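Taking it in order: structure first as structure tokens, then the write-up.
There are 2 protein chains.
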Amino acid sequence: MREDRLVSPTLEDVARAAGVSRATVSRVINGIRNVDPEIQETVRQAVAAVGYVPNRAARSLVTGKTGSIALVVSGAGHFFARVFTDPFFGRVVSGISGHLRPLGVHLVLMLAEAADARAQVIDYLRQGHVDGAILVSTHAEDPLPAQLVESGPPVVLFARPAQPLRISYVDVAHSAGARLAADHLIARGCERVATISGPLDVPASLERLSGFREAMARHGHAYIPSVEGNFTQESGEQAMERLLADHPGIDGLFAGNDLMAQGALLVAQSHGLRVPHDLAVVGFDDSSAALACRPPLTTVRHPVEDMSAEMSRLLLAHIEDPDRRVTSVIFEPDLVIRQSA
Amino acid sequence: MREDRLVSPTLEDVARAAGVSRATVSRVINGIRNVDPEIQETVRQAVAAVGYVPNRAARSLVTGKTGSIALVVSGAGHFFARVFTDPFFGRVVSGISGHLRPLGVHLVLMLAEAADARAQVIDYLRQGHVDGAILVSTHAEDPLPAQLVESGPPVVLFARPAQPLRISYVDVAHSAGARLAADHLIARGCERVATISGPLDVPASLERLSGFREAMARHGHAYIPSVEGNFTQESGEQAMERLLADHPGIDGLFAGNDLMAQGALLVAQSHGLRVPHDLAVVGFDDSSAALACRPPLTTVRHPVEDMSAEMSRLLLAHIEDPDRRVTSVIFEPDLVIRQSA
DNA sequence: GTACGGAGGGAGAGCGCTCTCCAATCCCGA
DNA sequence: TCGGGATTGGAGAGCGCTCTCCCTCCGTAC
């Protein structure tokens with residue numbers, strides 16, 4: 001009993017206990033080729049009896065596979081605050097592991113905020129610790145995607161990369177989402193609508209902004225004032241101050257994400273505006289901020305879980321066939337109507 | 001070049017390129033024993049030339065070490081909401097990886113919410129994928145700590161386990177923190193103080209409650225009304241409704257964590273109470289909720305980063321010496337004074 | 001009775017690495 | 001000049017597993 005702890009049993013031990021060869025035990029465990037059902041049973045009992053657990057290192061040494069994939073969350077600056085504040089990541093993890101767990105594939109979460117962490121992640125991936133990686137990058141200039149494409153296992157991206165890259169990715173139709181927001185504000189009767197965009201070097205921000213402008217133009221609104229934020233609540237507050245100063249009469253607002261919407265909402269209220277009565281606010285993402293707001297935010301929601309599951313599907317396909325051509329899958333967002341608009 | 005991708009170079013290749021033996025290359029890479037500096041240089045150049053990356057599987061097969069440890073976040077129910085909403089986990093990760101990175105040890109994050117996920121985590125740990133684990137459990141009845149102690153690699157816990165267990169852990173002096181809160185409320189001149197506690201099957205909640213009561217008793221307050229919550233904002237709201245109904249005149253509140261404090265604060269405000277003028281509120285944890293509140297929360301802050309670093313230190317010591325006796329390290333909390341009290 | 005085929009099991013060669021021996025070399029003092 | 005210790009490099013045995021051969025055995029057809 002005491003020795004079981006120190007030296008865990010090997011295939012050899014199981015084989016001896018079952019009175020068969022190592023190869024047969026291996027076959028039973030991996031379910032390959034025909035093995036007499038009776039012997040299978042004997043082996044299984046022996047496995048249980050000696051408390052055998054396959055040694056992953058030995059296995060992957062010969063197979064070249066590890067049976068686990070990494071979820072790499074990369075970004076700069078306000079990184080931890082982002083990951084651990086934004087339930088978006090929770091939905092990503094949930095979607096991925098929901099798809100992976102039944103397949104017996106392990107998910108390893110890696111965080112790469114600073115440059116040295118990034119180097120470590122690359123090391124980790126190159127050393128063959130995982131068979132592939134799903135990369136969620138929160139920053140436009142993040143060099144990680146490019147570095148990974150160059151050397152390393154198969155990678156799938158969340159969201160279209162800022163620079164064109166030979167890499168599969170999954171994204172949402174941002175402009176369609178923005179259009180939902182625009183149509184809703186118009187339907188509510190808003191006349192003077194403004195927008196707070198995300199950083200314009202991020203493709204998603206750009207698409208949301210241009211999609212919103214386009215949809216508004218279709219409704220006859222040629223000019224939509226906009227201020228650029230950086231996806232934080234604080235930047236939303238500052239942007240709203242600017243908007244209220246420059247365009248005092250606005251009665252509708254579309255923010256590039258919920259956090260900025262929340263900031264804007266707080267500022268609007270501190271200026272005595274009632275939401276949604278005086279100002280209708282629509283966010284994007286359906287993050288926890290949307291629910292934390294008073295009133296709760298009307299917002300555009302991506303099917304993050306579905307998107308994440310699709311990412312794992314794509315990644316597994318790439319692992320299976322390294323020469324598979326890269327693809328992109330785009331999902332349609334929904335509008336979640338709450339009280340802010 | 002093309003083949004480098006498919007079959008990555010091995011030690012043998014480096015050895016051939018450098019004109020030395022495999023053993024020598026290994027020695028250079030691992031920095032063991034004396035190797036002629038000139039040869040070292042030659043080997044290093046060969047490594048760079050062929051683009052060699054050590055195969056971790058092969059290495060850990062022989063060494064029995066993997067060079068990575070797991071951070072297992074376990075809990076039931078509102079799990080994802082917790083991890084990805086509570087910046088507390090961000091601070092934990094930050095503290096751990098800050099300590100581990102310079103040592104070249106990889107951190108693998110694992111989430112174990114449901115029972116099947118838990119089984120998978122145990123598998124993962126037993127298969128020797130990591131050398132040890134740091135376990136953060138958010139639930140009192142979580143069976144994972146006990147299961148891991150029984151079979152698996154060294155484990156260190158965040159917070160004292162609900163059931164006594166032969167396992168090292170790191171915790172904060174909860175009662176001392178509660179006392180800081182009590183003293184502060186008294187110093188502000190509060191006369192009728194109440195508290196909202198966390199679930200009482202969690203040791204931390206219990207200690208905070210009894211510590212608070214004890215400190216208040218020391219100030220002559222024999223009776224402190226309290227309502228039990230479950231650490232969620234919603235439970236804080238419900239608890240506050242109860243408190244206001246049963247004890248209309250309270251002017252000071254200590255909540256078992258910030259989320260409940262936030263809920264309580266919102267309810268108090270909706271009842272027309274001004275914070276801190278009519279009601280002073282003190283939270284616990286210094287989570288993001290503390291800052292998101294209006295007014296921002298005065299709260300008790302643990303040195304989470306230091307605690308996390310200490311956990312990694314303990315874990316590495318246990319890995320180094322499996323027979324090391326278990327220890328607990330208790331940290332002192334601070335009071336962060338903001339506007340709510 | 002012989003030939004043949006398929007199913008079931010074993011033997012053994014590695015996967016890429018570390019690490020223990022052991023051999024070669026060198027420097028020193030006697 | 002030679003012996004002995006220190007230093008440095010190489011040979012080779014595994015770590016635990018998978019997987020390709022190959023052998024045996026049995027049933028079937030001729």
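Chains as they are written, first to last, in full-length UniProt numbering: chain A, 1 to 341; chain B, 1 to 341. Glycine is no exception: its CB is placed at the ideal position from the N, C-alpha and C atoms. Bear in mind the structure is a predicted one, so any value in this text is a computation, not a measurement.
Q. Quick one: is residue 220 of chain B near chain A, going by C-beta distance under 9 Å?
A. Not one beta carbon of chain A lies nearer than 9 Å to the beta carbon of residue 220 of chain B.
(Q) For a contact defined as C-beta to C-beta under 7 Å, what are the partners of residue 57 of chain A on chain B? (A) The CB of residue 57 of chain A comes closer than 7 Å to the CB of 57, 60, 61 and 128 in chain B, given here in chain order.
**Q.** Those residues which DSSP pairs with residue 110 of chain A across a bridge
**A.** Here residue 110 of chain A is bridged, per DSSP, to A/72.
Q) Between the Cα of residue 97 of chain A and the Cα atoms of B/106, B/111 and B/91, which residue gives the shortest distance? A) Distance from the Cα of residue 97 of chain A is smallest, within the candidate group B/106, B/111 and B/91, for B/111.
Q) From this set, B/161, B/188 and B/296, which residue's C-alpha is nearest residue 201 of chain B's C-alpha? A) Residue B/161 is the option with its Cα nearest to residue 201 of chain B.
Q.
Checking 9 Å against the spacing of the C-beta atoms, do residue 131 of chain B and residue 68 of chain B come in under that value?
A. Yes, Cβ-Cβ distance for residue 131 of chain B and residue 68 of chain B is below 9 Å.
Q. Taking buried to mean at least 16 other C-beta atoms within 10 Å of its own C-beta, is residue 141 of chain A buried or exposed?
A. So residue 141 of chain A ends up on the exposed side.
Q) Are there 16 or more other CB atoms within 10 angstroms of the CB of residue 250 of chain B, so buried, or fewer, so exposed? A) Answer is buried; the Cβ neighbour count reaches 16.
**Q.** chain A within 9 Å of residue 173 of chain B, Cβ atoms only
**A.** Answer no: the Cβ-Cβ gap between residue 173 of chain B and chain A never drops below 9 Å.
Q: Mind checking the region 183-209 of chain B against chain A and listing, in chain order, the residues whose C-beta falls within less than 7 Å of any C-beta there?
A: Cβ contacts with chain A come from no residue of the region 183-209 of chain B.
Q: Kindly say whether residue 109 of chain A, judged by its beta-carbon, lies nearer than 9 Å to any beta-carbon of chain B.
A: For residue 109 of chain A, at least one C-beta of chain B is nearer than 9 Å to its own C-beta.
Q. Start and end of the alpha helix (DSSP H) containing residue 59 of chain A?
A. Where residue 59 of chain A is concerned, the enclosing alpha helix (DSSP H) starts and stops at 56-63.
Q) Any Cβ of chain B within less than 9 Å of the Cβ of residue 138 of chain A? A) No, residue 138 of chain A lies away from the interface with chain B (no Cβ there is under 9 Å from its Cβ).
Q: Could you say which of B/15, B/61 and B/57 lies nearest to residue 50 of chain B if we only look at CA atoms?
A: The residue with the shortest Cα to Cα distance from residue 50 of chain B is B/15.
Q) Where residue 197 of chain B and residue 209 of chain B are concerned, what is the direct C-alpha to C-alpha distance, given to the nearest angstrom? A) If you take the alpha carbons of residue 197 of chain B and residue 209 of chain B, they lie about 6 Å apart.
Q | Length at least 4, wholly inside the UniProt domain "HTH lacI-type" (9-63) of chain A: the alpha helix (DSSP H) runs in chain order | A | Restricted to the UniProt domain "HTH lacI-type" (9-63) of chain A, the alpha helix (DSSP H) segments that are unbroken, complete and at least 4 residues in length are 11-18, 22-30, 37-50 and 56-63, listed in chain order.
**Q.** Residues within the UniProt domain "HTH lacI-type" (9-63) of chain A neighbouring chain B, beta-carbon criterion of under 7 Å
**A.** Listed in sequence order: 53, 54, 55, 56, 57, 58, 60 and 61.
Q | Beta-carbon neighbours of residue 176 of chain B, restricted to chain A and to distances below 8 Å | A | Against chain A, the beta carbon of residue 176 of chain B has no neighbour under 8 Å; the closest one sits roughly 26 Å away.
Q: Check whether the Cβ of residue 218 of chain A sits closer than 8 Å to any heavy atom of the ligand ATP, and report yes or no.
A: Ligands in the displayed structure: none, and consequently the ligand ATP is not present.
Q: Indicate whether at least one CB of chain B lies closer than 9 Å to the CB of residue 80 of chain A.
A: Per-residue confidence for residue 80 of chain A stands at a pLDDT of 48, beneath the threshold of 50, marking its modelled position as unreliable; the derived number appears in the next sentence. Residue 80 of chain A belongs to the set of residues whose beta carbon lies under 9 Å from a beta carbon in chain B.
**Q.** Secondary structure, alpha helix (DSSP H): runs of 4+ residues fully inside the region 233-302 of chain B
**A.** List check, alpha helix (DSSP H) in window: 233-246, 258-270 and 288-292.
Q) Which residues mark the beginning and the end of the alpha helix (DSSP H) in which residue 133 of chain B is found? A) That residue, residue 133 of chain B, is in no alpha helix (DSSP H); its beta strand (DSSP E) goes 132-137.
Q. For residue 239 of chain B, which of B/223, B/262, B/40 and B/219 has the nearest alpha-carbon?
A. When only C-alpha atoms are compared, the closest one is B/262.
Q) Under the three-state reduction of DSSP, which class applies to residue 169 of chain B: helix, strand or coil? A) In the structure shown, residue 169 of chain B sits in a strand (DSSP, three-state: E or B).
Q. Looking only at its own chain, which residues have a Cβ that is under 6 Å from the Cβ of residue 298 of chain A, when we skip the five neighbours before and after it?
A. Within the same chain, residue 298 of chain A has close Cβ partners 282, 337, 338, 340 and 341.
Q: Let me know the secondary structure DSSP gives residue 88 of chain B once reduced to three states.
A: DSSP places residue 88 of chain B within a helical segment (H, G or I) once states are collapsed to three.
**Q.** Chain-order list of residues whose beta-carbon lies under 7 Å from that of residue 105 of chain B (same chain, five-residue window excluded)
**A.** 67, 68 and 69.
Q) Who does residue 195 of chain A pair with in a DSSP beta bridge? A) Paired residues: A/226 and A/254.
Q: Please decide whether residue 301 of chain B counts as near chain A, where near means a Cβ-Cβ distance under 9 Å.
A: By this cut-off, residue 301 of chain B is not an interface position.
Q | Unbroken alpha helix (DSSP H) run spanning residue 175 of chain B, endpoints | A | Where residue 175 of chain B is concerned, the enclosing alpha helix (DSSP H) stretches over 174-187.
Q: Identify every residue that forms a DSSP beta bridge with residue 336 of chain B.
A: In the DSSP output, where bridge partners are listed per residue, residue 336 of chain B has B/299.
Q | Below-9 Å beta-carbon distance, residue 124 of chain B vs any chain A residue | A | Output row for residue 124 of chain B: interface = yes.
Q: Report yes if the C-beta distance between residue 71 of chain A and residue 109 of chain A is below 9 Å; otherwise report no.
A: Annotated as proximal: residue 71 of chain A and residue 109 of chain A, with beta-carbon spacing under 9 Å.
Q | Same chain only: Cβ atoms within 6 Å of residue 334 of chain B, ignoring 5 sequence neighbours per side | A | Taken in chain order, the residues that qualify are 301.
Q: Examine chain B for any beta-carbon lying closer than 9 Å to the beta-carbon of residue 298 of chain A, and answer yes or no.
A: For residue 298 of chain A, no CB of chain B lies under 9 Å from its own CB, so it is not counted at the interface with that chain.
Q. Along the chain, where does the alpha helix (DSSP H) that runs through residue 205 of chain A open and close?
A. For residue 205 of chain A, the uninterrupted alpha helix (DSSP H) run begins and ends at 203-218, by DSSP.
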